[in-house]
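In full-length UniProt numbering, the protein residues as written are 1 to 913.
Beta carbons are placed, not taken as given, at the ideal position from N, Cα and C, and that holds for glycine.
For reference, the structure discussed in these notes is given below.
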């Protein structure tokens, strides 16, 4: 059905291509005009284009001139002139589409046309890449063109200081990774000063490798989290309790759908071992511990989903095979794996802010993307992002030869066949790029090649820059490169090698350091490299071009197509061959009856284990299995989005409220609304009965005392009606507020109100997110009662959010009415609450792409202590003293003691508890 759906939606795409071709013809017609201009004259067109746009011309009107100007300047500055198909691809980007262009068609250059055009209105363009290396490379490479046209270019890199981010976002075009853009959005909605916000809106984004970012990485949200407080021993207890369980008897597991659940029998065993009743925990935390312990023990395996190095559990990216430094599984799963592996269990994190990639990118007014493989996911792009996919014809016909899959009975014989094939091709000088799905398989193949004495490179956990350099040289004569399927994506493989990369190697071989090499030395090395690469290219072409070998099919056809697409660029010759076995996970889990029949047939005809099977039935079975898992993965991503859509509306409300406060909205003028809501909620709680005799007026008085901290409360007459009681409470609170405002002064009251409201929102929002996490974990159980978990979640979330808003405003009033500011000596500067936050991104992990983890406890940003709750979190400096008669009430542990001793409170009067 998804395939049929995509075909129906893509009907008429040829008509759009014809329209785009007409626009491209207009661009071509303007070429002589701009070719006759000087560089300065072309650059001077930028302010003229901006003026035309300001005077009412649309970007579509400006497109032919803008594209023609950039095309001409591109040839002069970076020596590359856009092909007609690249112009067509840029038109698709400008129209808010995904341009599917074959590997090697120059997508990086395509983005400059659409990026320049859409930057003319001054609102900024974001160009999103898959890693920091590509963002830096493209910003420097294409930045020369933008700057020549009179535009400035910004670059975001992981770990950049705040001061560097402001100019990056203020630039006309900003390059960065999806994680960095998303986390900056979350950070902007956690700041306590408007000047600390860095983003200026979400106008237009071009997403490079759009399928990788919007599909592969969209299963899990971006999360900023601070340290939690759960005991490591609890994880170890659960890890021991779930060991040695019997499949089917004690738990039921569906590997294909990534689900696992304890049976009644298994639950009894686990509860007996723990000595607790797991489902007796109303908060749902024990249920979550059980689920994560079962997943860690039976679904996550060492050297597949993760590795253990130097006593740390590190995640392996399922798409790239790289170790994901600084990233951790969320919801306690990482801690459960650490307990299973008996390494140090690091404390669980508490969510401070979160958003899915889907909802982040849907913030943009206009979104577009580029990739070599998107058509198989056309239906999802349209449904989730409203992004149609437009296939762009290649500049030269593809002559690559794609061989039929070869299927072996066992994995061992499959890898032996792969090694034999590599050896044959290597001996004749044909370069080979081998794609594997896991680190384990890449190392297994590497060992086989070592035994045969075949020199090769292995890519599965290297830095992006080194990775890109190795992949760039994968087209050299006789080169053998083993890479996980996505490794080095975004890097062009040239037959004969890349002269610029080879020139650097030549300089190093001569003992010349790259940083100090002269221009003459660089030019000589480049000239030598070009001669070497040209000679090798002839030999490689004669040998058949680059051969891509896949050691198994990926879960998604799109990833297989990406691997195939590394060969046959720009009309080059090439070959692709996939080797499979009936023992591969994909075949075993999703092959179904058809795969069983193939295995039976191979046994019936007594086929030797080292003899491959090539048949259409095999290809259809494999594609059927891939479609099945694509549907499952789409369902998982859709499920994540469905639940986040509920939170997204609430997130917008909270963030909008924060921004109004940061932008200087008059909270004093907003008081009547807040006051009305708080009083109405209280009256609704204590005077809910229609009979006044049943009202809890004593409870109302206690609430009012707790809210205001005052003893001289108004007296409620039993003869009063509801309106009179409401007016008495309202007038009393309003009177106290006016007294406070008069004593502090208008300006101080406004500043105090702003800071208190921000702290209250942040504290309550963090607590709310944690509660919703627990709700989401356990809501699936309601399916057993024939109730839709999503519908139940929406209803629960609606009620919870109403309570969140009510309590937030009540906390604001309580704090405002009960505090007084006392002067204290030179307060220390307030720490940045994000300085030690943990950043979680796609693949259910903490951290962002290529990030080194930043640990530590989040500094308290708010703290509203209720009387009688048994805890008084630290308050923000300067010291805020409660009006309760106790001179030490509300003093933070690390504040100076009010007694004047000069010691911290915890070391002085705070010792008395």
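Length of the line joining the Cα atoms of residue i and residue j
| i | j | result |
| --- | --- | --- |
| residue 724 | residue 814 | 22 Å |
| residue 658 | residue 157 | 27 Å |
| residue 164 | residue 313 | 33 Å |
| residue 604 | residue 611 | 14 Å |
| residue 908 | residue 293 | 44 Å |
| residue 196 | residue 162 | 8 Å |
| residue 62 | residue 520 | 42 Å |
| residue 179 | residue 134 | 14 Å |
| residue 19 | residue 91 | 10 Å |
| residue 798 | residue 764 | 16 Å |
| residue 647 | residue 762 | 15 Å |
| residue 15 | residue 298 | 52 Å |
| residue 749 | residue 737 | 10 Å |
| residue 502 | residue 516 | 17 Å |
| residue 79 | residue 42 | 16 Å |
| residue 26 | residue 432 | 42 Å |
| residue 745 | residue 751 | 10 Å |
For residue i, the first and last residue of its enclosing beta strand (DSSP E)
| i | result |
| --- | --- |
| residue 547 | 546-550 |
| residue 251 | 251-254 |
| residue 58 | Element bounds for residue 58: n/a, residue is neither H nor E. |
| residue 370 | 366-371 |
| residue 735 | Careful: residue 735 lies outside any beta strand (DSSP E), inside the alpha helix (DSSP H) at 722-744. |
| residue 198 | Taken as a continuous stretch (DSSP letters only), residue 198 belongs to no beta strand (DSSP E), as it is neither H nor E. |
| residue 126 | 125-129 |
| residue 205 | 204-208 |
As assigned by DSSP and simplified to three states, the class of residue i
| i | result |
| --- | --- |
| residue 100 | strand |
| residue 405 | coil |
| residue 499 | helix |
| residue 520 | helix |
| residue 577 | strand |
| residue 262 | strand |
| residue 809 | helix |
| residue 135 | helix |
| residue 457 | strand |
| residue 479 | coil |
| residue 312 | strand |
| residue 358 | helix |
| residue 674 | helix |
| residue 32 | helix |
| residue 788 | coil |
| residue 78 | coil |
| residue 324 | strand |
CB contact flag (residue i, residue j, <9 Å)
| i | j | result |
| --- | --- | --- |
| residue 548 | residue 577 | yes |
| residue 206 | residue 153 | no |
| residue 203 | residue 123 | yes |
| residue 418 | residue 613 | no |
| residue 769 | residue 352 | yes |
| residue 637 | residue 218 | yes |
| residue 102 | residue 569 | yes |
| residue 618 | residue 589 | no |
| residue 498 | residue 472 | yes |
| residue 99 | residue 369 | yes |
| residue 377 | residue 215 | yes |
| residue 114 | residue 94 | yes |
Extent of the continuous alpha helix (DSSP H) run through residue i
| i | result |
| --- | --- |
| residue 690 | Neither: residue 690 is in no alpha helix (DSSP H) and is coded neither H nor E. |
| residue 622 | 616-662 |
| residue 109 | 107-119 |
| residue 698 | 697-708 |
| residue 289 | 285-298 |
| residue 717 | Per DSSP, residue 717 belongs to no alpha helix (DSSP H) and is neither H nor E. |
Integer Cβ distance of residue i from residue j, believed to fall under 8 Å
| i | j | result |
| --- | --- | --- |
| residue 390 | residue 757 | The pair is not a contact, with the Cβ atoms about 47 Å apart (cut-off 8 Å). |
| residue 34 | residue 72 | 4 Å |
| residue 324 | residue 315 | 5 Å |
| residue 496 | residue 529 | Between residue 529 and residue 496 the Cβ distance is about 10 Å, and since that is not below 8 Å, they are no contact. |
| residue 356 | residue 644 | 4 Å |
Residue i beta carbon near the ligand NAD (any heavy atom closer than 8 Å)
| i | result |
| --- | --- |
| residue 360 | The ligand content of the structure shown is nil, which means the ligand NAD is not present either. |
C-beta neighbour in chain D for residue i, strict 9 Å
| i | result |
| --- | --- |
| residue 631 | No chain D appears in this structure, which consists of one protein chain only. |
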